[in-house]
Structure formats: C-alpha cells, structure tokens
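Undergrad:
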Amino acid sequence: MQLNKDCILKNTATAGFEEKNDILITVEASNNDDITVDLTSSVLRQYGRHMKELITATVKEAGFTGIKVTAIDKGAWDYTIKARVLAALERGMK
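Position in the sequence shown (first residue = 1) + 23 = our numbering.
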C-alpha cells in the first residue's frame, strides 16, 4: 500500500498509545536513506526481530526512505503495528 507517489515526511508524527495491546509509533526524517527502527518491548527477545522487520517492510511498502521509527510496544498484534506505522507516516506528510 503506497500512501503517495512523493512520500516525503515533512514533520515528526506519532500514532498509537502506550497502553496494553497497543504500540506508540513515532516517525521522523533521518539524514540518510536508511530505515532505522528503535524498538522497546517486553517481548523484544522473542519477537523483536519480527517486529522490526514488519515495521521496516511497512515503511518500504508505503514508499518511504530515510525514516527513523521509534516504537514502544505494549503487546500489539501485527495488524495494529502496521496500522500505527501507516497512520504516523500519513500524519507526518501533512
């Protein structure tokens, strides 16, 4: 799912909450073309790699590069993670 042909993040933006079964996602532009993910989670050892890969893939599928994602997970499911990343990216474009 691509949000826009010219996917440029204009502002730092957030989506989600630091509550049970949710995730707080913050996106901001970075100085390079890489997508970096800083993840905090109580299940980081078990699911951290999967969650980072899901966040990175979602950002790429939306058509963005040069994004730093900070995620504070409180037990979110994959569909919630993806929705929060897309919402934060869309908010950051405005």
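Glycine included, every Cβ here is placed at the ideal spot set by N, Cα and C.
1) Between the region 29-37 and the region 71-79, are three or more C-beta pairs nearer than 8 Å?
2) Ignore the nearest five residues each way along the sequence and tell me which others in Ile95's own chain have a CB closer than 6 Å to its CB.
3) For the candidate residues Val108, Gly86, Trp100 and Val92, whose alpha-carbon lies nearest to that of Lys43?
4) Would a C-beta distance cut-off of 7 Å place Thr79 and Ile104 closer than the cut-off?
5) Leaving aside the five residues before and after Val66 along the sequence, list all residues of the same chain whose C-beta is less than 8 Å from its C-beta, in chain order.
6) Would you mind working out which of Val108, Thr93, Arg68 and Gln69 sits nearest Gly86, comparing C-alpha positions?
7) List the residues that DSSP assigns as beta-bridge partners of Ala94.
8) Could you please give the first and the last residue of the uninterrupted alpha helix (DSSP H) stretch that includes Thr37?
9) Enumerate in chain order the residues of its own chain whose CB-to-CB distance from Ser53 is below 7 Å, with the five nearest sequence positions on each side excluded.
TA: Taking the structure as given:
1) In short, these stretches do not touch, since the Cβ pair count stays below three.
2) Glu41, Leu47 and Thr63
3) Trp100
4) With contacts defined as CB atoms closer than 7 Å, Thr79 and Ile104 fail to qualify as a contacting pair.
5) Asp96 and Gly98
6) Selected option, being the one with the closest Cα: Val108.
7) Ile48 and Leu62
8) Here Thr37 belongs to no alpha helix (DSSP H); instead the beta strand (DSSP E) covers Ala36 to Ala38.
9) Thr59, Gly89, Ile90 and Lys91
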